[in-house]
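J.:
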Amino acid sequence: MRSPVLPTKKHDPLLFAYEKMCRIHLFVLFLSVLVGTFYVYRKSNDKGNSLRSFRCVDDGDDLVHVRDFSTNQPTSHSANVEVIKDEEVEQVEIFCSFAPLVLTSLKKKLNESDESTFLGLFDWTRPNVERKTFPAIDFRGFLPPTGRRAVSATWYVVESTLGSLSAPLSSDRHFPPSVRFEEEIVHELFSMFHPRPFIYTRFPPQGTVAVIRAQNKHLFHIVFRSHVEFQLNEPPRFPFWFTPAQFKGQMVIARNASLLLHFEMHVPAGADRRLLNVDMEWLNGPQEENTMENMEADIGFIPQMSLRIVTNTSEFVTTEINWDEEIRTDEAFQILDKTMYRFKQVHYYPFAEAFKLAALENKLVHSIVLWGALDDQSC
Numbered sequence: 574m575r576s577p578v579l580p581t582k583k584h585d586p587l588l589f590a591y592e593k594m595c596r597i598h599l600f601v602l603f604l605s606v607l608v609g610t611f612y613v614y615r616k617s618n619d620k621g622n623s624l625r626s627f628r629c630v631d632d633g634d635d636l637v638h639v640r641d642f643s644t645n646q647p648t649s650h651s652a653n654v655e656v657i658k659d660e661e662v663e664q665v666e667i668f669c670s671f672a673p674l675v676l677t678s679l680k681k682k683l684n685e686s687d688e689s690t691f692l693g694l695f696d697w698t699r700p701n702v703e704r705k706t707f708p709a710i711d712f713r714g715f716l717p718p719t720g721r722r723a724v725s726a727t728w729y730v731v732e733s734t735l736g737s738l739s740a741p742l743s744s745d746r747h748f749p750p751s752v753r754f755e756e757e758i759v760h761e762l763f764s765m766f767h768p769r770p771f772i773y774t775r776f777p778p779q780g781t782v783a784v785i786r787a788q789n790k791h792l793f794h795i796v797f798r799s800h801v802e803f804q805l806n807e808p809p810r811f812p813f814w815f816t817p818a819q820f821k822g823q824m825v826i827a828r829n830a831s832l833l834l835h836f837e838m839h840v841p842a843g844a845d846r847r848l849l850n851v852d853m854e855w856l857n858g859p860q861e862e863n864t865m866e867n868m869e870a871d872i873g874f875i876p877q878m879s880l881r882i883v884t885n886t887s888e889f890v891t892t893e894i895n896w897d898e899e900i901r902t903d904e905a906f907q908i909l910d911k912t913m914y915r916f917k918q919v920h921y922y923p924f925a926e927a928f929k930l931a932a933l934e935n936k937l938v939h940s941i942v943l944w945g946a947l948d949d950q951s952c
C-alpha cells in the first residue's frame, strides 16, 4: 500500500504563502520585543533621574511630602531658583509663640449657652506645632518673580481671588481647600498656629503680598503682609472664624533660596498700639444663601501670635549687611498697605495735624469713627 503524499510548498502554493506569512509575523514580533525592551530601559533611567530629584528631608514623620520632590516641570517661581545640591541646602528651625485671646477684651458677655459655640476658642491655648524644621529652599515661594526684582517692587506670594466688589466666600465651611504647590510653605507656616488655617480669607483683600526692602548680589530682604483666618470649630458645631488683623513679616533669604538668615512674622499687638486686633464671627445655625443671617461677630485682643527663626543670636540686625539698594522698613510696609488698600494711596494725616492743615488750606475735615481699624482685617 502506498503512503499518502503530504502536501509540500512545491505542490501547495497556499501552504508556501502561509509559511512565509508566519516568518514575517515572527520577525515583527522579534522587533516589537526588542523595541519594548529598549523603551523599558529608557524609562527606568528616566525614573532613576527623577528619583535623584528627591530632596532628603526628614520631618520626623517618616513620610515623603509633595514639597520633598522637585521635577523639571516649571512652576511660577521655578525660574527664580538655581539648581542646588542637597548638601548646600540649610535646615532652619521655626519657633511659634502664641498667647490665647484675652476673653475680657470681648464686647459680648458670654454665658453658659455660648460654651458649645466658643469651645474651639476656649480650647486654643497653645500652638498646634511649637517648633518645626524646614529646608531653607522651601521658602523659595517667597522669592520675587522675574521682572519684580527691584527694590520697592511688589508681588503676590498668595494672590487674591476676590476683587474689591466680589461677593465674600461662604462662612459655612470647616476645612480649608487644597493649596497650590508654591503656596504650601505659607500654609505649613500658619498651620503651626492652628491645624485649620485659611490662606484665602472670606473677604477681600486676600492673600500675601511682598516687597523687596533691600538687596545685594547674594541676598534679598523681603517684607510681607498676610491676611489669614482660622476655623476653630469642627463638625457638628457650627463654624467659628478667627481673623487676625494682619500678619507683618520680614525675611532675609539667599537669592537662590539656599540660605535663610532671618524670618519673623507676627500679629501687631501692644507694641503697635493695637488694642483690638482680631475679628471673630460665628454661625448660630445654617447660613442662608447670600445672607448673614444667623451670624454673630465680636472683636478682641490677642497678645501674641508670632513665628521666628531659631538662631544663636537674640536679634538679627539687617543694618549689619551691606546692601546695594534699600528703602526704610516702615516705607516698605506702607507700600504693602497701599497695595492691599487702594484708599491708602491718598495721604492721611494725624488727627491734630489734619485740622492745622485744613485751616491753612481753608478746607473741611472729613472724620470717620470706627470700631476697629479700617486698614486691617479686624474691622
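For the record, in the sequence shown the residue sitting at position 232 is 805 according to my numbering, with numbers rising by one throughout. Virtual Cβ for every residue (Gly too), placed ideally from N, Cα, C.
1. Does DSSP put Arg798 in a helix, in a strand, or in coil?
2. Between which two residues does the beta strand (DSSP E) carrying Asp871 extend?
3. Just to confirm the assignment, what range does the beta strand (DSSP E) spanning Gln788 have?
4. Would you call the CB atoms of Val801 and Phe668 closer than 7 Å?
5. Given that a residue counts as buried once 16 or more other Cβ atoms are within 10 Å of its Cβ, and exposed if not, what is Ala734?
6. What three-state label does DSSP hand Gly858 in the structure shown?
7. Which same chain residues, not among the five before or five after Ala672, have their C-beta less than 6 Å away from its C-beta?
8. Measuring straight from C-alpha to C-alpha, what distance separates Trp814 and Trp855?
9. Measuring straight from C-alpha to C-alpha, what distance separates Arg699 and Phe766?
10. Just how far apart, CA to CA, sit Thr902 and Glu688?
11. Please confirm whether Leu805 and Gly873 have their CB atoms less than 7 Å apart.
12. How would you call Asn684, buried or exposed, if buried means at least 16 neighbouring beta carbons within 10 angstroms?
13. So, Gln779 versus Arg798, is the Cβ gap smaller than 7 Å?
14. Using three-state DSSP, classify Lys680 as helix, strand or coil.
15. Across which residues does DSSP place Ala827 in a beta bridge pair?
16. Please state whether the Cβ-Cβ distance between His760 and Pro812 is less than 7 Å.
17. When DSSP labels each residue in this structure, what does Lys917 get in the three-state scheme?
18. Using a Cβ distance threshold of 8 Å, determine whether the region 785 to 795 contacts the region 824 to 832, with at least three qualifying pairs required.
19. In its own chain, which residues sit with a C-beta less than 6 Å from the C-beta of Arg615, not counting the 5 before and 5 after it?
20. Would you please state the rounded distance, in angstroms, between the beta carbons of Ser764 and Val702? I believe it to be under 8 Å.
21. Have a look at Asn935 and Tyr922 and give me their C-alpha separation to the nearest angstrom.
22. How big is the Cα-Cα spacing for Gln664 and His839?
23. Helix, strand or coil for Asp903 per DSSP?
24. Quick check: what's the CA-CA separation for Gly633 versus Val919?
25. Would you give the residue range spanned by the beta strand (DSSP E) that Leu833 belongs to?
26. Just checking my contact of Val784 with Ala709 at CB under 8 Å: how many whole Å lie between their CB atoms?
27. DSSP puts Leu880 in a beta bridge; with which residues?
28. Out of curiosity, what's the CA-to-CA distance linking Glu666 and Ala932?
29. If we ignore side chains and look at the alpha-carbon of each, how far apart do Ile941 and Ala830 end up?
30. Is it buried or exposed, His916, if we count other Cβ atoms within 10 angstroms and call 16 or more buried?
31. So, are the CB atoms of Val782 and Pro817 less than 7 Å apart?
32. Whole-angstrom Cβ separation of Arg786 and Ile900, contact assumed at under 8 Å?
33. Looking at the secondary structure, which residues open and close the beta strand (DSSP E) in which Val730 lies?
34. Mind checking who Pro770 pairs with in its DSSP beta bridge?
35. If the criterion is Cβ atoms closer than 7 Å, does the pair Tyr914 and Asp948 meet it?
36. So for Gly822, helix, strand or coil by DSSP?
T.: According to the structure data:
1. strand
2. Annotation for Asp871: the continuous beta strand (DSSP E) segment containing it runs 868 to 873.
3. 780 to 788 is the extent of the beta strand (DSSP E) around Gln788.
4. Cβ distance not < 7 Å, so Val801 and Phe668 don't count as in contact.
5. Residue identity differs from the one stated: residue 734 is Thr in this sequence, not Ala. It counts as exposed.
6. In this structure, Gly858 counts as coil in the three-state DSSP scheme.
7. Pro876, Gln877.
8. 6 Å
9. 8 Å
10. 43 Å
11. no
12. exposed
13. no
14. DSSP, reduced to helix, strand and coil, places Lys680 outside both helices and strands of the structure shown, so it counts as coil.
15. Leu792
16. no
17. helix
18. yes
19. Confidence at Arg615 is low in this model, with a pLDDT of 49, below 50, so its placement is unreliable and the value that follows should be read with caution. Within the same chain, Arg615 has no close Cβ partners at all.
20. 7 Å
21. When rounded, the distance between both Cα atoms is 16 Å.
22. Computed Cα separation, rounded: 22 Å.
23. helix
24. Because the pLDDT at Gly633 is just 39, under 50, the model does not fix this residue reliably, and the value given afterwards should be weighed accordingly. The straight-line gap from Cα to Cα measures roughly 50 Å.
25. Residues 833 to 839.
26. Incorrect: roughly 21 Å between the Cβ atoms, too far for contact.
27. Cys669, Met838
28. Near 54 Å, if we compare the C-alpha coordinates of Ala932 and Glu666.
29. 44 Å
30. Just to set this straight, residue 916 is Phe in the shown sequence, not His. Result: exposed.
31. For Val782 and Pro817, no; Cβs fall outside 7 Å.
32. 6 Å
33. 727 to 731
34. Phe803
35. yes
36. Note: Gly822 maps to strand in three-state DSSP.
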